[in-house]
Each structure stands twice: as structure tokens, then as C-alpha cells.
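Asks: Under our numbering, residues 78 to 327 are what the sequence shown spells out, in order. We treat Cβ as the ideally placed atom computed from N, Cα and C, and that holds for glycine.
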Amino acid sequence: MAEHQKLVWIIGASSGIGASLAQLYARSGWRVAVSARNEQKLKELAQDATQFDVVPLDVTDSGQVAAVIQQFHDGGKLPDLTVYCSGLYYPGGIDVLTEEHSVASMDTNYFGAVRVIEKLFPLLKERGNGHIAIISSLSGYCGLPEAACYGPTKAALINLCESLKPDFDRVGLELSLVNPGFVKTPMTDKNTFAMPFLLTPEQAAKDIYEGLQRNSFEVYFPFRLGAIMKVLRMLPYALYFPVMRRMSKR
Ligand SMILES: NC(=O)c1ccc[n+]([C@@H]2O[C@H](COP(=O)([O-])OP(=O)(O)OC[C@H]3O[C@@H](n4cnc5c(N)ncnc54)[C@H](OP(=O)(O)O)[C@@H]3O)[C@@H](O)[C@H]2O)c1
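Spelled out as C-alpha cells, the structure:
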């Protein structure tokens, strides 16, 4: 790795948005460490060993998260930017709401991010610089139909980032919250409903890359869906639920 080459660590890089983001950062001259559970897919993505490091990781295992971060630290190459992209999705409402699905969703989407921040923050603070970006979702703005297991995990991530922003500011670190709309990936291929303003993973990666280059706290896209969601979340319930009833397929 060249001395001044920046390092981005993308967690959840084996498919979809994370994989496209990894390719975009590599094309832009960054060194890219890619993590997820599926090592084979990571290796297929990271064929150019001069640009990529494959770092298999299950974010539900605190021991693995701690070991990987310690490995970066011991090697003297903590990431300049860490993008937390891992996600699990059970589409559906009351029909999929079980403790098992909800705990699994929280474990990957929310607690995985907590594990990474808990271990990384003190080391970045000691170094004096660093940027963590958390991929949440526009669906975390307010309770939506068909998102009974997934939506709460994304709402929790939004709340977490809002809560932690002053702590990051105080020590000169950057924290970003990324809220995408619908993106065509293996995750959304499960959806049976219409997805307005659907983007490709490459379009999403470009929006994330540009937003993070600006060090924006919130990076949201596409603009029109984001604007609609920002209005929706401000509606009183007497107006909000009739709109939701029209959106729901049942
Ligand atoms: N697609 C959308 O419309 C959309 C919209 C808003 C937000 N998002 C968010 O964007 C992120 C990426 O989603 P995507 O659409 O690109 O879906 P995806 O293609 O299904 O990617 C999900 C990624 O998470 C990884 N992952 C899942 N469980 C993991 C675990 N235990 N440990 C480590 N990595 C794990 C998967 O890798 P392995 O299975 O190999 O571990 C995969 O790389 C997610 O946080 C998702 O919630 C997506």
C-alpha cells in the first residue's frame, strides 16, 4: 500500500451496494478492505490484490469484529473511512414478525454497527482522525408497511447516529448517516411490491461516494423519494395512516 493511499473498509461488500461501492473506491485510487461472511464472493470482487484486501467477517460475532479491528491497528493501517453496509431483510408485516426474525435483523443491522463503532472509535480518537459511515435507510424515517422487522433496525441506526454525532465532533472524527431509497440488489429482489425511483447499485454507490467526499452528516437519495419521506415523517398520525393504508398492499 502506497504511503499516502487512503484506506476504506467496506463491511457488507460481498454483493449489492457494498460491492459497487468497493469497486468505485478502488477505481478512485483508494485501497479497499472488503468484509462480509461470503469469502468466495469477496475474492471474486477483489481479484486485483494491489487494490483490495479480503477480510472475512461475521458482524454478529463481537470476537471477530474486535480481532479484525485489532489487526488493522497492529498493522498500522486503521481505515481512513469505514462504511457499515451489512444488512438483513425479512420483507413483510405481521406475517413475518417473529422474535427470531427481529432478533436476527437487529443483530446484523444494528448491533453489528454498534460492535464496529465501539471497537473503532477509541482507536480513531487516539489517532486523531477517521470517518465512519453507517448505511441506514429512508425506511427508518417512519414505520412503513411491509417493514416490521427491518424498519425498526434502520430507525435505531438513525437515532444512534444522531445521538453519537456530538461525541464524534468533540474529538474531531467524522460520522455520516446514509439513507438510500430503493436500490436493485439481492436484498430488494425479494420485494413483491412496486419500488418507486428504483436505482442501480452503481447509481447508489456514486451518490454515497460523492456525499461522503463532502463529509455530509446525512447522505440521502434519490432526492425526490427522500423529500417525500421527509414530509411524510412530519405528518400528524390522522393524515399519516390514511396515506400508509393506500401504500399497503393488503
Ligand atoms: N437495496 C435497497 O433498496 C436498500 C435501501 C436502503 C438501505 N439499504 C441498505 O444497504 C445495505 C446493503 O444492502 P444491499 O441492498 O446491497 O443488500 P445485499 O446485496 O443483500 O447486501 C447485504 C450485505 O450484508 C452482508 N451481511 C449480511 N449479514 C452479514 C453478517 N452477519 N456479517 C457480515 N456481513 C453481512 C452480506 O454479505 P454476506 O451474506 O456475504 O455476509 C452482503 O454483503 C444494507 O444495510 C441495506 O439495509 C438497502
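#1: For Pro263, does the three-state DSSP call read helix, strand or coil?
#2: With a threshold of 8 Å, establish whether the CB of Met272 neighbours any heavy atom of ligand 1.
#3: With C-beta atoms as the reference, is Leu201 less than 9 Å away from Ile209?
#4: CA-CA distance, Arg310 and Val136?
#5: Taking Ser97 and Ala282 to be in contact with their CB atoms under 8 Å, please state how far apart those CB atoms are, rounded to whole angstroms.
#6: With three or more C-beta pairs closer than 8 Å as the rule, is the segment 189-208 touching the segment 249-258?
#7: For ligand 1, is there a heavy atom less than 8 Å away from the beta-carbon of Ile305?
#8: Ignore the nearest five residues each way along the sequence and tell me which others in Asp284's own chain have a CB closer than 6 Å to its CB.
#9: Could you tell me the alpha carbon to alpha carbon distance between Phe294 and Val255, rounded to whole angstroms?
#10: On the DSSP bridge list, what partners appear for Leu72?
#11: Going by the CB atoms, is the gap between Pro156 and Leu197 shorter than 9 Å?
#12: Does the distance between the C-beta of Ala232 and the nearest non-hydrogen atom of ligand 1 fall short of 8 Å?
#13: Kindly indicate which residue of Gln128, Pro168, Leu122 and Tyr102 has the alpha-carbon position closest to the one of Val160.
#14: Helix, strand or coil: how does DSSP classify Ile87 here?
#15: Here's the rule: buried if 16 or more other CB atoms are within 10 angstroms of the residue's CB, otherwise exposed. What is Pro278?
#16: Thinking Phe274 and Arg291 are a contact (beta carbons under 8 Å), I'd like their distance in whole angstroms, please.
#17: Is the Cβ-Cβ distance between Ala90 and Ala113 less than 9 Å?
#18: When you compare the segment 140-152 with the segment 233-241, are there three or more beta-carbon pairs, one atom per stretch, that lie closer than 8 Å?
#19: Leaving out five residues on either side along the sequence, give the residues of the same chain with a beta carbon under 7 Å from the beta carbon of Asp184.
#20: For the segment 132-166, which segments carrying the alpha helix (DSSP H) assignment without a break, of at least 4 residues, lie completely within its bounds, in sequence order?
Replies: Let me lay it out:
#1: Translated into the one-based positions of the sequence shown, residue 263 becomes position 186. Of the three classes helix, strand and coil, the one that applies to Pro263 here is coil, per DSSP.
#2: For the purposes of this step, residue 272 is taken as the residue at position 195 of the sequence shown. At least one heavy atom of ligand 1 is nearer than 8 Å to the Cβ of Met272, so yes.
#3: Start at 1 with the first residue of the sequence shown, and residue 201 comes out as number 124. Start at 1 with the first residue of the sequence shown, and residue 209 comes out as number 132. In this structure, Leu201 sits near Ile209, with a CB-CB distance shorter than 9 Å.
#4: Along the sequence shown, one-based indexing puts residue 310 at 233. Along the sequence shown, one-based indexing puts residue 136 at 59. Taking the straight line from one Cα to the other gives about 30 Å.
#5: In the sequence shown, residue 97 corresponds to position 20, counting from 1. In the sequence shown, residue 282 corresponds to position 205, counting from 1. Indeed they touch by this definition, with Cβ atoms about 4 Å apart.
#6: yes
#7: For the purposes of this step, residue 305 is identified with residue 228 of the sequence shown, where counting begins at 1. False, no ligand heavy atom lies under 8 Å from that Cβ.
#8: Reading the sequence shown from its first residue, position 207 is the one you call residue 284. Only Phe298 meet the Cβ criterion.
#9: By 1-based counting over the sequence shown, the position of residue 294 is 217. By 1-based counting over the sequence shown, the position of residue 255 is 178. Straight across, the Cα-Cα distance linking Phe294 with Val255 is about 8 Å.
#10: Since the first residue of the chain shown is 78 and the last is 327, residue 72 is not available in this structure.
#11: Sequence index remark: in the sequence shown, residue 197 carries index 120 (1-based). Sequence index remark: in the sequence shown, residue 156 carries index 79 (1-based). A contact, by the Cβ cut-off of 9 Å.
#12: As a first step, residue 232 is located in the sequence shown; it is residue number 155 there, counting from the start. Checking the Cβ of Ala232 against ligand 1 gives no.
#13: Working through the sequence shown from its first residue, we reach residue 160 at position 83. Comparing Cα positions, the closest option is Tyr102.
#14: In the sequence shown, counting from the first residue as 1, residue 87 sits at position 10. In the displayed model, Ile87 falls within a strand according to three-state DSSP.
#15: Here residue 278 is taken as the residue at index 201 of the sequence shown, counted from 1. Result: buried.
#16: One-based indexing of the sequence shown puts residue 274 at position 197. One-based indexing of the sequence shown puts residue 291 at position 214. Actually they do not touch by this definition, with Cβ atoms about 21 Å apart.
#17: As a working mapping, residue 90 is identified with position 13 in the sequence shown. As a working mapping, residue 113 is identified with position 36 in the sequence shown. It is a contact, given that the beta carbons lie within the stated cut-off.
#18: no
#19: Along the sequence shown, read from residue 1 onward, the residue named residue 184 stands at position 107. Leaving aside the five residues that flank Asp184 on each side, the residues in its chain whose CB is nearer than 7 Å to its CB run, in chain order, Thr137.
#20: Counting only runs of 4 or more, we get 139-151.
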